[in-house]
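Numbering (full-length UniProt numbering), first residue to last: 1 to 77.
C-beta: ideal position from N, C-alpha, C; glycine also.
These numbers were taken from a predicted model, which means no experiment stands behind them.
Each remark here refers to the structure printed beneath this line.
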Amino acid sequence: MILTLQILLVITSLLVMLLVLLHRAKGGGLSTLFGGGVQSSLSGSTVVEKNLDRLTYFVIAIWLVSIIAVGLLIKYA
């Protein structure tokens, strides 16, 4: 059980790093490297940013739950 949670923690940690880097900042992020800068003038880019935000929050929630679960299992197991 703890091994599964640790693997989940590593995978979600990598996903959080990737998703945060994909977000567009003031000067543009890595998303502009993959063509995000071309689509910024289109009206659909706000939907893409909202979906990226939602996905990031979802992965962060899983990450936090796995951190708490691993901590509880280490403390009480």
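Would you mind sorting residue i into buried or exposed? The rule is 16 or more other CB atoms within 10 Å of its CB.
i	result
residue 59	buried
Check whether the Cβ atoms of residue i and residue j lie closer than 8 Å to each other.
i	j	result
residue 12	residue 62	yes
residue 52	residue 18	no
Assuming residue i contacts residue j (C-beta within less than 8 Å), just tell me the rounded distance between them.
i	j	result
residue 9	residue 67	6 Å
residue 73	residue 7	Not quite, the Cβ-Cβ distance comes to about 13 Å (not below 8 Å), so this is no contact.
Going by C-alpha distance, which of the options is nearest residue i?
i	options	result
residue 16	46, 49, 50, 64	64
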